[in-house]
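Peer 1: Take a look at the following structure, please.
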Amino acid sequence: MKRILTTLSQKWPEYILEILVITIGILGAFALNNWNENRKDRDRQSIYLNQVNTNLQDDLVQLESLLKQCDDIIAITGKMIEGYKSQTMDMTFATTNSGSLAVEKNFNNHRSGIDALLNSGSLDLLPDEVSLVLQQYYELSEDVMKRESLSNQYIRDFFEPHMFEEYTAAIRQVDAFSIREMYRNDTRAPFLINKEKFLGDEKMEIHIVIRNVQSKIEFSMYQRLIALNKKLQKQIQLKLELK
51 MKRILTTLSQ KWPEYILEIL VITIGILGAF ALNNWNENRK DRDRQSIYLN QVNTNLQDDL
111 VQLESLLKQC DDIIAITGKM IEGYKSQTMD MTFATTNSGS LAVEKNFNNH RSGIDALLNS
171 GSLDLLPDEV SLVLQQYYEL SEDVMKRESL SNQYIRDFFE PHMFEEYTAA IRQVDAFSIR
231 EMYRNDTRAP FLINKEKFLG DEKMEIHIVI RNVQSKIEFS MYQRLIALNK KLQKQIQLKL
291 ELK
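Take the sequence shown: its letters are residues 51 to 293, numbered as in my numbering.
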């Protein structure tokens with residue numbers, strides 16, 4: 051025991067230095083491994099962020115078009131409602147625009163980025179603020195599509211059948227799906243909806259009011275979704291620029 055203590059007393063600096071070298075080597079290996087893993091995570095995060103951002107850009111094109119469509123329907127139905135109230139409907143306007151109220155709206159959100167994150171269990175790779183807004187965005191997207199589905203079902207079950215049954219001839223003047231272009235060389239005289247019939251059609255008036263309300267609800271939802279979309283794109287762009 052005395053010999054061991056003597057040896058330790060003589061060589062303790064060497065032992066301490068050796069222990070330090072081993073400790074530093076182990077800590078360095080851990081640090082290098084952590085740095086490598088963090089780099090891989092950053093690379094994967096960039097891939098996912100770029101994919102999500104591309105999806106958002108594609109969505110925004112759709113949403114702005116749908117918002118414009120809603121705005122047009124609100125304006126058309128608003129003018130028709132005023133016409134019913136005053137009983138002085140502009141029949142050229144009514145004839146040209148009634149059929150366009152049967153055009154359905156369908157938002158098809160792009161999900162490849164969020165689905166890749168969810169399927170790989172990598173949602174935690176995203177910054178918390180991005181992840182939170184991203185979940186809000188896709189939750190609202192689902193609500194928007196459910197709302198559209200209700201409106202489209204109403205169009206198919208009620209508005210469209212009534213429009214086609216009572217005012218079929220007016221359809222050829224609708225500027226949707228190039229219908230007006232189909233009848234461009236029509237030799238028949240321009241057709242206008244009968245004013246008295248249209249103004250006395252209480253069912254049609256109700257349909258127009260309902261389409262106005264539906265479009266206002268959808269307009270508000272599209273606006274909120276567009277705001278979230280732009281907020282997300284800005285957040286993602288900032289994160290990508292910091293890398």
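Where is the CB? At the ideal position from N, CA and C, for every residue including glycine.
Should the stretch 251-261 be called in touch with the stretch 196-214, which here means at least 3 C-beta pairs below 8 Å?
Peer 2: Yes, the stretch 251-261 touches the stretch 196-214.
Peer 1: State buried or exposed for Gly171, treating a residue as buried only when at least 16 other CB atoms are found within 10 Å of its CB.
Peer 2: Here residue 171 refers to the residue found at position 121 of the sequence shown. The residue is exposed, with fewer than 16 neighbouring Cβ atoms inside 10 Å.
Peer 1: I'd like the list of long-range same chain contacts for Gly133, defined as Cβ closer than 6 Å, with 5 residues on each side in sequence excluded.
Peer 2: If you number the sequence shown from 1, residue 133 lands on position 83. Within the same chain, Gly133 has close Cβ partners Met139.
Peer 1: In terms of residue numbering, what span does the alpha helix (DSSP H) encompassing Gln137 cover?
Peer 2: Within the sequence shown, the letter at position 87 stands for residue 137. Counting along the chain, Gln137 falls outside any alpha helix (DSSP H), and DSSP gives it neither H nor E.
Peer 1: Check whether the Cβ atoms of Phe248 and Ala166 sit closer than 8 Å, and answer yes or no.
Peer 2: As a position in the sequence shown, residue 248 is number 198, starting the count at 1. As a position in the sequence shown, residue 166 is number 116, starting the count at 1. Contact flag unset, no.
Peer 1: Is it right to say Ser136 is buried, meaning 16 or more other beta carbons lie within 10 angstroms of its own, or is it exposed?
Peer 2: Mapped onto the sequence shown, residue 136 falls at position 86. When all chains shown are included, Ser136 counts as exposed.
Peer 1: Out of Ala239, Tyr233 and Asn156, which has the shortest C-alpha to C-alpha gap to Val194?
Peer 2: Here residue 194 refers to the residue found at position 144 of the sequence shown. Among Ala239, Tyr233 and Asn156, the Cα nearest to that of Val194 is on Asn156.
Peer 1: Just the Cα atoms here: how many angstroms apart are Trp85 and Ser270?
Peer 2: Indexing the sequence shown from 1 puts residue 85 at position 35. Indexing the sequence shown from 1 puts residue 270 at position 220. For Trp85, the predicted structure reports a pLDDT of 46, less than 50, and the residue's modelled location is therefore unreliable. The matter cannot be settled from this model.
Peer 1: If we count the other Cβ atoms within 10 Å of its Cβ and call it buried at 16 or more, is Thr237 buried or exposed?
Peer 2: Position 187 of the sequence shown, counted from the start, is the residue given in the question as residue 237. Answer is exposed; the Cβ neighbour count stays below 16.
Peer 1: I need the straight-line Cα distance from Glu216 to Arg274, nearest angstrom please.
Peer 2: Within the sequence shown, the letter at position 166 stands for residue 216. Within the sequence shown, the letter at position 224 stands for residue 274. Rounded to whole angstroms, Glu216 to Arg274 spans 37 Å at the Cα level.
Peer 1: Looking at Asn262 and Asn149, is the spacing between their C-beta atoms short of 8 Å?
Peer 2: Locating residue 149 in the sequence shown gives position 99, counting from the first residue. Locating residue 262 in the sequence shown gives position 212, counting from the first residue. Looking at the sequence provided, one finds Gly at residue 149 rather than Asn. Taking 8 Å as the Cβ cut-off, Gly149 and Asn262 do not qualify as a contacting pair.
Peer 1: In whole angstroms, what separates the C-alpha of Ile197 from that of Ile126?
Peer 2: If you number the sequence shown from 1, residue 197 lands on position 147. If you number the sequence shown from 1, residue 126 lands on position 76. Just to set this straight, residue 197 is Arg in the shown sequence, not Ile. Rounded to the nearest angstrom, the two C-alpha atoms are 20 Å apart.
Peer 1: Measuring only the C-alpha atoms, how far is Leu117 from Tyr272?
Peer 2: As a first step, residue 117 is located in the sequence shown; it is residue number 67 there, counting from the start. As a first step, residue 272 is located in the sequence shown; it is residue number 222 there, counting from the start. For Leu117 and Tyr272, the distance between alpha carbons rounds to 6 Å.
Peer 1: According to the neighbour-count rule (16 or more other Cβ atoms, all chains shown, within 10 Å of its Cβ), is Leu182 buried or exposed?
Peer 2: Numbered from its first residue, the sequence shown carries residue 182 at position 132. It is exposed - the Cβ of Leu182 has fewer than 16 other Cβ atoms within 10 Å.
Peer 1: Could you check the C-alpha separation between Glu268 and Ser191 for me, to the nearest Å?
Peer 2: Residue 268 sits at position 218 when you count from the first residue of the sequence shown. Residue 191 sits at position 141 when you count from the first residue of the sequence shown. Distance between the alpha carbons of Glu268 and Ser191 is about 11 Å.
Peer 1: Hey, would you say Ile164 sits closer than 8 Å to Val102, going by beta carbons?
Peer 2: As a first step, residue 164 is located in the sequence shown; it is residue number 114 there, counting from the start. As a first step, residue 102 is located in the sequence shown; it is residue number 52 there, counting from the start. Yes, Cβ-Cβ distance for Ile164 and Val102 is below 8 Å.
Peer 1: Considering only C-alpha positions, which residue in the set Ser265, Gln186, Gln287 and Leu175 is nearest to Val153?
Peer 2: Here the question's residue 153 lines up with position 103 in the sequence shown. Selected option, being the one with the closest Cα: Ser265.
Peer 1: In its own chain, which residues sit with a C-beta less than 8 Å from the C-beta of His212, not counting the 5 before and 5 after it?
Peer 2: The count along the sequence shown starts at 1 and reaches residue 212 at position 162. Taken in chain order, the residues that qualify are Lys253, Met254 and His257.
Peer 1: Count the other CB atoms within 10 Å of the CB of Leu288; is the residue buried (16 or more) or exposed (fewer)?
Peer 2: Here residue 288 corresponds to residue number 238 of the sequence shown, with the count starting at 1. Exposed, since its Cβ has fewer than 16 Cβ neighbours within 10 Å.
Peer 1: For Ala239, does the three-state DSSP call read helix, strand or coil?
Peer 2: To locate residue 239, count along the sequence shown from 1; it is residue 189. Of the three classes helix, strand and coil, the one that applies to Ala239 here is coil, per DSSP.
Peer 1: Quick one: what's got a C-beta closer than 7 Å to Asp109's C-beta in the same chain, skipping five residues either side?
Peer 2: Indexing the sequence shown from 1 puts residue 109 at position 59. Closer than 7 Å at the Cβ level, and outside the excluded window around Asp109, lie Asn159, His160 and Asn279.
Peer 1: Is Phe214 helix, strand or coil by DSSP?
Peer 2: Position 164 of the sequence shown, counting from 1, holds the residue named residue 214. Of the three classes helix, strand and coil, the one that applies to Phe214 here is helix, per DSSP.
Peer 1: Exposed or buried, what is Met232 when buried is set at 16 or more other beta-carbons lying within 10 Å of its beta-carbon?
Peer 2: As a first step, residue 232 is located in the sequence shown; it is residue number 182 there, counting from the start. That one is exposed.
Peer 1: Kindly indicate which residue of Glu246, Leu290, Tyr188 and Ile243 has the alpha-carbon position closest to the one of Ala277.
Peer 2: Position 227 of the sequence shown holds residue 277. Ranking Glu246, Leu290, Tyr188 and Ile243 by Cα distance to Ala277 puts Tyr188 first.
Peer 1: To the nearest angstrom, how far is it from the Cα of Phe214 to the Cα of Asp121?
Peer 2: Locating residue 214 in the sequence shown gives position 164, where the first residue counts as 1. Locating residue 121 in the sequence shown gives position 71, where the first residue counts as 1. Spanning the two alpha carbons is a distance of roughly 24 Å.
Peer 1: Express the C-alpha separation of Gly250 and Asn244 in angstroms, rounding to a whole number.
Peer 2: As a working mapping, residue 244 is identified with position 194 in the sequence shown. As a working mapping, residue 250 is identified with position 200 in the sequence shown. Approximately 10 Å, taken between the alpha carbons.
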